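Asks:
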Amino acid sequence: MKAASSKPLDSFVHFLQTMDESSCERLGDIYDEAVHFADPVNEASGLGQMETVYRDLFKQLKQITFKTMDQAAGDPTSFIHWEMSYQFRKKSRKLPGITMLRFNHSGKVILQQDYWDASKGVYEEFPLMGVATRTLRKIVRVKHHRGVSS
């Protein structure tokens with residue numbers, strides 16, 4: 029369900045849904061030269077650093093696709109709820125996330141902040157960190173008691 033739409037947001041969603049490794053050559057069509065990007069594991073300032081983030085994404089992960097679940101265009105901030113499917117270490121994975129975007133007067137992305145669970149999307153993939161992350165999650169998880177009603 030699209031809550032709201034705008035031409036810059038629609039262009040970004042199309043880019044997200046169709047991007048592949050060759051898209052790195054066309055980032056300037058979507059992103060402002062002075063773009064700032066952040067997610068749970070990366071931060072980039074400027075188009076050059078943004079290209080490095082994308083190239084590393086395609087180097088680390090295979091068969092990347094994005095499915096847009098919802099989007100909302102606002103002024104000055106727009107949002108996309110997405111699910112990324114990919115292969116890592118020959119295993120298929122899915123990672124849900126939210127992207128917050130701000131566009132400049134030309135409709136190019138000037139700010140992109142991605143929100144996703146790094147503990148499931150990254151840390152659990154590494155043996156020692158994965159065990160520690162799953163153990164910590166069990167410790168802090170709310171325990172529901174049977175037979176107790178509110």
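Numbered per the numbering used here, the sequence shown spans residues 29 to 178.
Backbone N, C-alpha and C fix where the C-beta goes; we use that ideal spot for every residue, glycine too.
Predicted model, so just to flag it, every value in this text is computed and none were measured.
1. Indicate whether the contact test is met: 3 or more Cβ pairs, each with one atom in the segment 50-68 and one in the segment 128-145, closer than 8 Å.
2. Let me know the secondary structure DSSP gives residue 35 once reduced to three states.
3. Does the beta-carbon of residue 99 have 16 or more other beta-carbons within 10 angstroms, so that it is buried, or is it exposed?
4. Just to confirm, is the Cβ distance from residue 107 to residue 44 under 7 Å?
5. Taking 7 Å as the threshold (C-beta atoms), are residue 131 and residue 89 in contact?
6. What does the alpha-carbon distance come out to for the pair residue 73 and residue 63?
7. Measuring CA to CA, which of 126, 103, 61 is closest to residue 34?
8. Considering just the uninterrupted stretch of the alpha helix (DSSP H) at residue 79, what are its terminal residues?
9. Applying the criterion that 16 or more other CB atoms from any shown protein chain within 10 Å of the CB defines a buried residue, is residue 172 buried or exposed?
Replies: Considering the structure as presented:
1. yes
2. helix
3. Flag for residue 99 reads buried.
4. no
5. no
6. 6 Å
7. Comparing Cα-Cα distances from residue 34 to each of 126, 103, 61, the minimum goes to 103.
8. 75-88
9. exposed
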